[in-house]
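Trainee: Numbering (my numbering), first residue to last: 1 to 454.
Each residue gets a CB set at the ideal place from its N, CA and C atoms; glycine is no exception.
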Amino acid sequence: MLIRRVINPVDEPANRRRKVWKRFFWGVVIIIIGIAGWVGVTGALALKNITAKNTDETPSFFKFGSNIDPDKVLAEGESRINILLLGVDSAAGLTDSIQIASIDPINNSIAMLSIPRDLYVTNPAKNRKTRINEVYRDSSKNCPRKTSTCDPEIDYGAESLSELIEDLVGVKTSYFVKIDFDGLKRIVDTVGGIQVYVEKPLSDPNFPNRSYSGYDPFSIGAGMKTLNGETALKYARCRGGNCGGDFGRARRQQQVVIALRDKIVSSNLFINPQKITSIITAVGKGLRTDLTVDQISQLYKLIKDTKSDRIKSAVLENGNDGVLRSTTIGGAYVLVPKKGDNDWTEVIEFVNSYLPEPYLVKENASVVIIDASGKTGTGQAVATKLKSLGYNVTSTQVASSVSLTTTIKYFEDAPYATALLKKRFGINPTKGKADERPGQAKVVITVGSNYKAK
């Protein structure tokens with residue numbers, strides 16, 4: 001199935017790889033929150049190195065809180081907090097990890113969606129097709145000073161990638177967090193190294209050097225080891241020799257991140273402002289985000305209260321039930337939409353259904369579709385679309401006669417469903433009569449012959 005709510009044993013290493021950047025991200029969140037209450041010039045400057053200017057619209061949760069008037073929810077999915085998580089290889093500049101962390105602040109749930117790095121897309125910076133992992137690098141700008149076309153406070157790579165992902169999968173990411181390998185290395189050195197247990201001797205004679213122009217062989221013996229930043233990074237990235245390929249690398253990456261988290265927590269760093277600042281300064285060269293400290297604090301409160309069974313993960317994949325297919329273009333392995341190289345409709349439908357509107361989920365109002373259009377399949381198409389957006393469509397019926405006008409009637413209060421349907425169809429919902437109500441439906445949409453798909 002498309003949504004991996006339960007990870008099979010054979011999928012576990014891949015799942016670990018997807019979790020590495022997520023775990024590191026939330027570890028850094030804790031560090032940032034630790035300095036939020038400490039006021040000082042050095043701390044403020046350190047934090048400034050991390051933060052970028054946000055050029056997007058603030059999600060409704062940060063503007064109105066969890067009790068939003070139905071008319072203020074602008075569209076399905078708008079109440080979610082979507083954050084683009086990027087893991088960047090600083091040497092090559094490629095985004096090796098692209099994920100969307102989508103937080104439902106109304107129902108206290110989190111959904112992780114992984115975007116494959118080999119997705120074949122139109123690169124806006126080159127105006128031609130490349131893998132998606134090249135977009136961040138190609139769209140980034142070096143702005144020594146602010147001009148009319150270049151603002152050093154804006155991360156143009158993240159901005160461009162976010163806009164592209166919205167076009168491809170239909171999800172607007174309002175924030176981003178970018179982490180690179182060098183940032184991880186500097187943090188390990190700043191905290192005085194980490195301890196890991198190496199199960200067996202490892203050796204990779206073909207470990208690449210920093211410029212990817214040659215080799216920098218790596219080896220380490222078995223047993224408990226204290227690793228500095230450079231060794232920790234190699235230990236986490238080693239995949240050749242007897243390092244176990246991607247599966248072995250995923251396990252060690254998780255091991256390194258957990259060891260780093262344990263070191264930070266056990267060292268009582270939060271009571272040492274100078275040490276906190278040094279960590280933030282180190283992270284700041286490898287981490288960038290357009291979330292404010294206040295927003296991070298609010299997100300942390302949401303996340304720490306989210307139970308593990310309310311967290312799910314999915315990946316856009318190319319299996320039998322997936323929405324992508326693999327192919328070779330110019331000798332390179334890439335992934336494209338299964339429905340057609342430039343047809344992302346199936347991908348968007350899947351992602352919409354995976355990330356439904358929180359208020360629709362909470363309200364769970366039963367919706368019945370009555371097809372009175374006289375056109376075969378119209379009512380079913382409407383039902384499929386609404387289901388993908390989070391509406392609780394319980395049945396689709398065909399009317400005995402054709403009706404010109406499309407109408408929306410409600411039989412019980414369903415303020416969020418009716419407000420959003422009004423925006424989607426451009427029709428004012430009206431109160432239905434008891435004898436018109438099919439079963440226990442709260443909302444009935446009659447699709448007339450004047451209906452035009454949106």
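To the nearest angstrom, how far is it from the Cα of M112 to the Cα of S203?
Mentor: Counted from its first residue, the sequence shown places residue 112 at position 112. Counted from its first residue, the sequence shown places residue 203 at position 203. Distance between the alpha carbons of M112 and S203: 33 Å.
Trainee: Do V73 and Y359 have their C-beta atoms closer together than 8 Å?
Mentor: To locate residue 73, count along the sequence shown from 1; it is residue 73. To locate residue 359, count along the sequence shown from 1; it is residue 359. Their beta carbons are under 8 Å apart, which means V73 touches Y359 by this criterion.
Trainee: Pop quiz: P124 and S160 are said to be a contact at Cβ under 8 Å. What is the actual Cβ separation, rounded to whole angstroms?
Mentor: Here the question's residue 124 lines up with position 124 in the sequence shown. Here the question's residue 160 lines up with position 160 in the sequence shown. With 8 Å as the limit, P124 and S160 qualify as a contact, their Cβ atoms being about 6 Å apart.
Trainee: For the alpha helix (DSSP H) containing P337, name the first residue and the last one.
Mentor: Working through the sequence shown from its first residue, we reach residue 337 at position 337. Where P337 is concerned, there is no enclosing alpha helix (DSSP H), although the beta strand (DSSP E) it sits in stretches over 332-337.
Trainee: Are the Cβ atoms of T173 and I100 separated by less than 8 Å?
Mentor: As a first step, residue 173 is located in the sequence shown; it is residue number 173 there, counting from the start. As a first step, residue 100 is located in the sequence shown; it is residue number 100 there, counting from the start. Result yes, Cβ atoms of T173 and I100 sit closer than 8 Å.
Trainee: Can you pull the DSSP bridge partners for Y197?
Mentor: Along the sequence shown, read from residue 1 onward, the residue named residue 197 stands at position 197. Partner(s): M224.
Trainee: Measure the C-alpha to C-alpha separation of N108 and A222 and round it to an integer number of angstroms.
Mentor: Position 108 of the sequence shown, counting from 1, holds the residue named residue 108. Position 222 of the sequence shown, counting from 1, holds the residue named residue 222. About 42 Å.
Trainee: Where does T327 land, buried or exposed, given buried means 16+ other C-beta within 10 angstroms?
Mentor: Here residue 327 is taken as the residue at index 327 of the sequence shown, counted from 1. T327 comes out exposed.
Trainee: To which residues of the same chain is D180 closer than 6 Å at the C-beta, ignoring the five residues directly before and after it?
Mentor: Mapped onto the sequence shown, residue 180 falls at position 180. Result list for D180: V88, S90, G286, in chain order.
Trainee: Please list, in chain order, all residues of the same chain as A485 whose beta carbon is under 8 Å from its beta carbon, the five residues on each side excluded.
Mentor: For residue 485 there is no data in the structure shown, the boundaries of the chain being 1 and 454.
Trainee: By Cβ distance, which residues of its chain are closer than 7 Å to W21, with the 5 residues on each side in sequence left out?
Mentor: For this step, residue 21 is matched to residue 21 along the sequence shown. Reliability of the predicted coordinates at W21 is poor, the pLDDT of 48 falling under 50, and the value obtained from them is presented with this limitation in mind. If we look at W21 and ignore the five residues flanking it on each side, its Cβ neighbours are L85, G87, S97, Q99, I179.
Trainee: What are the boundary residues of the beta strand (DSSP E) that K442 is part of?
Mentor: Reading the sequence shown from its first residue, position 442 is the one you call residue 442. Counting along the chain, K442 falls outside any beta strand (DSSP E), and DSSP gives it neither H nor E.
Trainee: Under 8 Å: do the stretch 303-322 and the stretch 135-145 share three or more Cβ pairs, one atom per stretch?
Mentor: These segments do not touch.
Trainee: What whole-angstrom Cβ distance do P429 and Y410 have, given they're in contact under 8 Å?
Mentor: Position 429 of the sequence shown, counted from the start, is the residue given in the question as residue 429. Position 410 of the sequence shown, counted from the start, is the residue given in the question as residue 410. That pair is a contact at about 5 Å.
Trainee: What span of residues does the beta strand (DSSP E) with S162 cover, start to end?
Mentor: Numbered from 1 along the sequence shown, position 162 holds the residue referred to as residue 162. Note, S162: premise wrong, no beta strand (DSSP E); alpha helix (DSSP H) at 156-169.
Trainee: Apply the 10 Å Cβ neighbour rule to N54 and answer buried if 16 or more other Cβ atoms are within range, or exposed otherwise.
Mentor: Within the sequence shown, the letter at position 54 stands for residue 54. With 16 or more Cβ atoms within 10 Å of its Cβ, N54 is classed as buried.
Trainee: Assign E230 to one of two classes, buried (16 or more other C-beta atoms within 10 Å of its C-beta) or exposed (fewer than that).
Mentor: Sequence index remark: in the sequence shown, residue 230 carries index 230 (1-based). Per the 10 Å Cβ criterion, exposed.
Trainee: Identify whether Q177 lies in helix, strand or coil by the three-state DSSP scheme.
Mentor: The residue you call residue 177 lines up with position 177 of the sequence shown. Going by the sequence as given, residue 177 is Val instead of Gln. Here V177 sits in strand by DSSP.
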